[in-house]
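What follows is a single structure, written as C-alpha cells, with notes after it.
Numbering (UniProt numbering), first residue to last: 1 to 459.
What follows is the structure, encoded as C-alpha cells:
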C-alpha cells in the first residue's frame with residue numbers, strides 16, 4: 001500500500017564533498033511513514049530512480065532538503081521545487097511528481113531563446129499551473145526523447161532553460177505535423193513511450209473522414225451532421241444538384257487551410273472560392289469547367305464534400321462556435337470553454353489563424369435570438385459537443401483527453417456539427433485568469449493519472 005500523498009517543497013543544499021546521496025526529512029514525517037533514520041530509500045521522479053540515505057531533522061513536514069548533486073542525479077533543476085510525494089513502504093520508495101511533458105516543435109528566436117510557436121504562452125501557463133499545485137512541467141521535441149531521460153526545456157526565472165530531464169509520467173502530444181507523425185522517428189518515439197509505460201495524451205491526429213464515420217454511425221447525432229461524402233466527380237455532381245452550397249475540405253487539413261466553397265448560382269452557373277485565394281471569387285463557370293478546375297487544384301489529395309449550411313453571420317462575416325472539451329479520469333467529458341468565432345472580412349472560414357475574431361457566445365447568439373432562446377441553443381450546443389466528444393473518445397485508440405468541437409447555428413436556431421479537432425488551437429481561448437481553462441483541465445487529468453496507481457493501492 002502507499003501512504004496518502006502530500007505536497008512538499010524541495011530546497012537544494014550545497015555540499016562540498018559530493019559522496020553519497022541523501023535526503024533530509026522532518027522526524028515527525030519519518031515517524032509517520034515508519035522510516036528509520038539512516039535507512040536507504042529509493043527516490044523516484046517520473047521514470048528516474050535514485051538511492052539515498054535518510055537523515056532526520058527538525059524540519060517541518062512539508063520541507064525536504066536535497067543536495068544539489070543528488071538533484072542533478074535525479075535529473076531535476078537545482079532550484080526550489082514544489083512536488084507531490086507518496087511513500088510506498090513495501091517498495092521503500094518515495095515517489096515525487098507528477099512529471100508532465102509537452103511534445104511539440106521547437107524553434108529559436110533571433111535572441112537565441114527557445115520558441116514554442118503558438119503554444120509558447122500556453123506552455124508558461126502549464127508550468128505555473130502545475131508547479132503551484134505540485135509538479136514538474138517541461139517541453140521537448142520527440143527527436144530528443146530517450147527511454148531513460150529527455151533533453152527538454154523547463155521554466156526558471158522568467159525563461160526556458162535546456163537540460164536533461166527525467167522521463168515523465170505523461171506526455172501531452174502537441175506535435176503540429178502530420179508528416180512527422182508518419183515518420184520512422186515518430187514510430188520509434190511511440191514505441192519507446194509504450195515500452196516504459198508513459199501515458200501519451202492525444203497520441204495522433206484524427207482525419208475528418210475518420211471522425212465523420214464514427215459520428216454518422218450514431219443515429220441520434222444524424223440531425224446535427226451536414227451531409228458529407230468523399231470527393232469524386234459523381235458525389236460532387238449529386239450533392240451540388242441537391243444543395244446550393246458545398247464545402248470541400250482536405251481530410252487531413254487544419255486551421256481553415258485549402259478549403260474550397262462551391263456555390264450554385266443557377267442550373268449551369270457556379271462560383272468557386274477558396275480559403276487561400278486559389279480562385280478569383282468572381283469566376284462563374286459551368287459545372288464541368290468547375291469540376292475540372294477543382295480537380296486541378298486537389299493534386300490527388302483526399303477531400304470530403306460537406307453540405308453548406310446557411311449559418312448566422314455578423315455583418316456578412318461567418319460565425320461559428322468552438323467548444324473545447326476535456327476528459328476527466330472517471331471517463332466523463334466536460335466543456336471547459338466556449339467561444340464564438342467570427343471570420344475575417346471576405347473569408348468564409350472563421351479560424352483565428354485566417355484572421356478571425358472572437359466574441360462571447362451568449363453575446364453572439366443574442367444578436368439573433370431572444371435571451372431564452374440563446375440560452376437554450378447554448379445548452380444544446382454543449383449537449384451535442386459532449387456527446388460527440390464521448391463517441392470520438394470511445395471509438396479512438398489511445399488516450400484522447402482533449403477535443404475542439406466546431407458547431408454552427410442556422411437562422412432557425414438549429415445546431416450543426418461542423419468539425420472535430422484532435423489538436424485544437426490555443427489562440428482563441430478567452431480566460432479571465434492567469435491559467436486558461438484548457439491548461440487547468442490537462443493539469444488536473446495528468447495529476448489524477450499519475451496518482452491513480454497509488455490511489456488503487458490504498459483501496
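Backbone N, C-alpha and C define an ideal beta-carbon position, used for all residues, glycine too.
- Rounded C-alpha distance that separates residue 228 from residue 306: Looking at the two C-alpha atoms, the distance is approximately 4 Å.
Q: Taking all protein chains shown into account, decide if residue 81 is buried (16 or more other Cβ within 10 angstroms of its Cβ) or exposed.
A: Its Cβ being crowded by 16 or more others within 10 Å, residue 81 is buried.
Check: Around the Cβ of residue 415, are there at least 16 other Cβ atoms within 10 angstroms (buried) or fewer (exposed)?
Finding: Taking all protein chains shown into account, residue 415 has 16 or more neighbouring C-beta atoms within 10 Å of its C-beta and is therefore buried.
### Message
Quick check on the DSSP output: the alpha helix (DSSP H) that includes residue 30 runs from which residue to which?
### Response
Run containing residue 30: 27–33, per the alpha helix (DSSP H) assignment.
Item to check | Assigned exposure category for residue 231 - 16 Cβ within 10 Å defines buried | outcome: Looking at its Cβ environment, which holds 16 or more other Cβ atoms inside 10 Å, residue 231 is buried.
| request: Throw me the rounded Cβ distance for the residue 302 and residue 251 pair, which I believe falls under 8 Å. | output: About 5 Å separates the two Cβ atoms, so the contact holds.
| Under 9 Å between the Cβ atoms of residue 151 and residue 157? | With respect to the 9 Å criterion, residue 151 and residue 157 are not classified as neighbours on the basis of their beta carbons.
Beta strand (DSSP E) containing residue 391: first to last residue?
-> First-last for residue 391: 371–395, but that is the alpha helix (DSSP H), not the beta strand (DSSP E).
_Candidates 450, 131, 72, 125: closest to residue 166 by CA position_ = Considering only alpha carbons, the answer is 72.
Requested in this report: Compute the Euclidean distance between the alpha carbons of residue 259 and residue 367, then round it to the nearest angstrom.
Outcome: C-alpha separation (whole angstroms): 28 Å.
According to the neighbour-count rule (16 or more other Cβ atoms, all chains shown, within 10 Å of its Cβ), is residue 185 buried or exposed? So residue 185 ends up on the exposed side.
Cutting at 8 Å between CB atoms, please list the residues of its own chain near residue 286, excluding the five before and the five after it.
The residues are 268, 269, 270.
task = Examine the Cβ distances between the segment 311–322 and the segment 407–414 and report whether three or more of them are shorter than 8 Å.
result = Yes, the segment 311–322 is in contact with the segment 407–414.
Per DSSP, residue 250 forms a beta bridge with which residues?
Beta-bridge pairing links residue 250 to 303.
In whole angstroms, what is the alpha-carbon distance linking residue 66 and residue 340? Taking the straight line from one Cα to the other gives about 49 Å.
Practice prompt. Return the Cβ separation of residue 299 and residue 441 in integer angstroms, given the expectation that the two are a contact with Cβ distance under 8 Å.
Written response: Actually they do not touch by this definition, with Cβ atoms about 38 Å apart.
So within the segment 35–89, which uninterrupted beta strand (DSSP E) runs reach at least 3 residues, ignoring any that extend past its ends? Here the runs fully enclosed are 40–45, 48–57, 63–67, 81–88.
How many Å lie between residue 247 and residue 210 at the Cα?
The alpha-carbon atoms of residue 247 and residue 210 are separated by roughly 17 Å.
### Task
Report the rounded CA-to-CA distance for residue 116 versus residue 106, giving the unit in angstroms.
Distance between the alpha carbons of residue 116 and residue 106: 5 Å.
query = Which word fits residue 361, buried or exposed, when buried means at least 16 other C-beta atoms lie within 10 angstroms of its C-beta?
reply = Classification for residue 361: buried.
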